[in-house]
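Notes follow once the structure below has been shown.
Number of protein chains: 2
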Amino acid sequence: MTTAPGSTRDAIVSAALELFRERGFDGTTMRAVADRAGVSVGNAYYYFSSKDELVQGFYDQLVAEHRALALPELTGHADLADRLRIALNAWITAAEPYREFAGRFFAVAAQPGNPLSPFSPDSGPARAAAVDLYREVLSGARVDPDPELARELPELLWLQHLGIVLFWVHDTSADAARTRLLVDRTVPIVARLVRLSRLPVLRPLGRQVVDLVRLLKG
Amino acid sequence: MTTAPGSTRDAIVSAALELFRERGFDGTTMRAVADRAGVSVGNAYYYFSSKDELVQGFYDQLVAEHRALALPELTGHADLADRLRIALNAWITAAEPYREFAGRFFAVAAQPGNPLSPFSPDSGPARAAAVDLYREVLSGARVDPDPELARELPELLWLQHLGIVLFWVHDTSADAARTRLLVDRTVPIVARLVRLSRLPVLRPLGRQVVDLVRLLKG
Chain A
1 MTTAPGSTRD AIVSAALELF RERGFDGTTM RAVADRAGVS VGNAYYYFSS KDELVQGFYD
61 QLVAEHRALA LPELTGHADL ADRLRIALNA WITAAEPYRE FAGRFFAVAA QPGNPLSPFS
121 PDSGPARAAA VDLYREVLSG ARVDPDPELA RELPELLWLQ HLGIVLFWVH DTSADAARTR
181 LLVDRTVPIV ARLVRLSRLP VLRPLGRQVV DLVRLLKG
Chain B
1 MTTAPGSTRD AIVSAALELF RERGFDGTTM RAVADRAGVS VGNAYYYFSS KDELVQGFYD
61 QLVAEHRALA LPELTGHADL ADRLRIALNA WITAAEPYRE FAGRFFAVAA QPGNPLSPFS
121 PDSGPARAAA VDLYREVLSG ARVDPDPELA RELPELLWLQ HLGIVLFWVH DTSADAARTR
181 LLVDRTVPIV ARLVRLSRLP VLRPLGRQVV DLVRLLKG
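Line by line, the protein sequences give chains A and B. Under the UniProt record's numbering, the letters of the first sequence match residues 1 to 218, in that order. Under the UniProt record's numbering, the letters of the second sequence match residues 1 to 218, in that order.
Right under this line is the structure:
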C-alpha cells in the first residue's frame, strides 16, 4: 500500500492497528508495521520512535475521530444532558472498531508510571484535545453553573468520560449497549448537579469539588 | 518453615507474596511457593488451584486486615466523614507493605474478564466483606439519608473506595501521602452529599443514583 506524503503518519498508525489486531502488541515489530504501511523502517522510526509512541498515535487519532464525530452532532442542542449524551455516545461509536484491543491497551495504560496513562506528560496533547471537547460541550449549553466550579467543569466532565471508558473496557455487550445505557443514566445526574451547583445549599459542595480537582491537577 | 495446620493457608499466601516480590508473578512457580511455605506441592494445590487463586487469597487477606484495623478505630466516632476517613486510611495502612506489586496486580485485575477483577464472581467473597465494612461505617454514623439511597449506600461507598484504590495504584508519594490527601478532601464531599440527600431538591438526584447502582449490579 502506498500513500500520499501528508497521510504517512496516519498510514503507519493504521498499519500498526491492523497488526496489533492480527498478531498482538508483543508480536508486532516496527519492521512489520513499516512493511504494511509501505514505508521504509527509517521512515516509520522518523514518525514514531517506539511501539508505545504508536499507541500514543492511536490515542491521538481516536481523539480526533471523536471530535470530528461529536462536534457536528452537537449543533442545535442546548440542553447539557443532551450535549453530554451526544459527546459520550460519539466516543463509543468512534472507539467501537477498536474495542477488542483498545481494552487491552487501556489496561496496560492503567499500570503505574506508564507513559500511555491518560495522566502522563506524553498523553498531554490527547488529554488537552479531549478536555477541549468538553469545554465545547459546556460552552454551547444553556447552563449557568457556579463560576468557581465552571472553571474546572471541562476537566470534571473529562474525568466522567474516563469513568465511562473504564466501564466500556469491561463491557462485553453487543454494540457496547450496556455502556450506552450507563451514559443514558449518568448524564441526567451530572447535568442536574451542574444546574444545582448555584444553590446556596450546594455551593460549598461545588467549592470542595473544585479544590479536589485542583489537588488532582497540582 | 513449618506451620500449625490452621494457618497453612495463610502461610502459603505469605510465601507467595514474598516470592512475587522477589521474582515477580511470572517467575514464581507453585513448587517454589510450596517450598517456601514448608508444605508439599500437593498440599499447596489443595488450597489454591492456581497462582491466580493465590492472588485472590491475597485479596481476601487484605480485606481481613483492613477490617481488623478499621473496626476498632471506628468506635466512638459518629460523624460520617470521620468514619469514612478512618476506614479509607485503614485500607491505605493495611495495603502499604504491598504497594509495589499490589499496583501491578490491580492493573492486571483491571483487564476485561479477568477473574481477579473486583467485579468478577471469583471476587464475590472479598467484595461482600469490603461492602460489609462500609455497611458498618454507615450504621454507626449519625446520618439519616434518603431511605431509597440508604439501601445502596454501602455499595456506593465501596465504589468510592475503589476509586481511591485506583488513585493509590498510581501514587508514588512517600507513605501514599497524596492518596491520604485525596481521602481528606473526598470524605467531606461524600458525607455532605449523603446528608443533603433528603432535601426535596436533591431527592430526585438520589433516586437517579440508586437506579444507576442497580443497573451496574444487574
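Backbone N, C-alpha and C define an ideal beta-carbon position, used for all residues, glycine too.
Can the beta-carbon of residue i be found less than 8 Å from the beta-carbon of residue j?
i	j	result
residue 148 of chain B	residue 83 of chain B	no
residue 13 of chain B	residue 54 of chain B	yes
residue 85 of chain B	residue 187 of chain B	yes
residue 195 of chain A	residue 143 of chain A	yes
residue 162 of chain A	residue 97 of chain A	no
residue 185 of chain A	residue 35 of chain B	no
residue 116 of chain A	residue 60 of chain A	no
residue 131 of chain A	residue 145 of chain A	no
residue 74 of chain A	residue 137 of chain A	yes
residue 32 of chain A	residue 62 of chain A	no
residue 134 of chain B	residue 157 of chain B	yes
residue 202 of chain B	residue 141 of chain B	no
residue 176 of chain A	residue 92 of chain A	yes
residue 48 of chain B	residue 17 of chain B	no
Applying a beta-carbon distance threshold of less than 8 Å, which residues of chain B neighbour residue i?
i	result
residue 188 of chain A	208
residue 215 of chain A	181, 182 and 185
What span of residues does the alpha helix (DSSP H) with residue i cover, start to end?
i	result
residue 184 of chain A	177 to 196
residue 52 of chain B	51 to 74
residue 134 of chain B	124 to 139
residue 163 of chain A	147 to 169
residue 33 of chain B	30 to 37
residue 84 of chain B	80 to 95
residue 43 of chain B	41 to 47
residue 10 of chain A	8 to 23
residue 27 of chain B	First-last for residue 27 of chain B: undefined, no H or E at that position.
residue 211 of chain B	203 to 217
Given that residue i touches chain A, what residues does it touch there, using C-beta distances under 7 Å?
i	result
residue 21 of chain B	Under the 7 Å cutoff, chain A gives no residues; its nearest Cβ is about 16 Å from residue 21 of chain B.
residue 85 of chain B	Those within 7 Å of residue 85 of chain B in chain A number zero; the least Cβ separation is about 14 Å.
Counting contacts by CB-CB distance shorter than 8 Å, is residue i in contact with chain B?
i	result
residue 212 of chain A	yes
residue 177 of chain A	no
residue 18 of chain A	no
How long is the line joining the alpha carbons of residue i and residue j, rounded to whole angstroms?
i	j	result
residue 180 of chain B	residue 46 of chain A	43 Å
residue 200 of chain A	residue 191 of chain B	17 Å
residue 100 of chain A	residue 10 of chain B	37 Å
residue 88 of chain A	residue 183 of chain A	7 Å
residue 50 of chain B	residue 20 of chain A	29 Å
residue 56 of chain A	residue 171 of chain A	23 Å
residue 150 of chain A	residue 38 of chain A	47 Å
residue 65 of chain A	residue 122 of chain B	37 Å
residue 29 of chain B	residue 129 of chain B	29 Å
residue 126 of chain A	residue 215 of chain B	31 Å
residue 178 of chain B	residue 90 of chain B	15 Å
residue 7 of chain B	residue 159 of chain B	31 Å
residue 219 of chain A	residue 198 of chain B	Because chain A spans 1 through 218 in this model, residue 219 of chain A falls outside it and cannot be assessed.
residue 189 of chain A	residue 189 of chain B	16 Å
residue 168 of chain A	residue 102 of chain A	10 Å
residue 109 of chain B	residue 109 of chain A	13 Å
residue 222 of chain B	residue 24 of chain A	Because chain B is modelled from 1 through 218, residue 222 of chain B falls outside the range shown and cannot be assessed.
residue 27 of chain A	residue 76 of chain A	46 Å
residue 3 of chain B	residue 15 of chain B	With a pLDDT of 44 at residue 3 of chain B, under the threshold of 50, the modelled position of this residue cannot be trusted; read the value that follows with caution. Computed Cα separation, rounded: 12 Å.
residue 44 of chain A	residue 124 of chain A	22 Å
Nearest chain A C-beta to residue i closer than 8 Å, yes or no?
i	result
residue 55 of chain B	no
residue 182 of chain B	yes
residue 192 of chain B	yes
residue 200 of chain B	no
residue 9 of chain B	no
Find the residues of chain A that neighbour residue i, judging by a C-beta separation of less than 9 Å, and give them in chain order.
i	result
residue 196 of chain B	201, 202 and 205
At least one CB of chain E closer than 8 Å to the CB of residue i: is that the case?
i	result
residue 139 of chain B	Of the protein chains in this structure, namely A and B, none is chain E.
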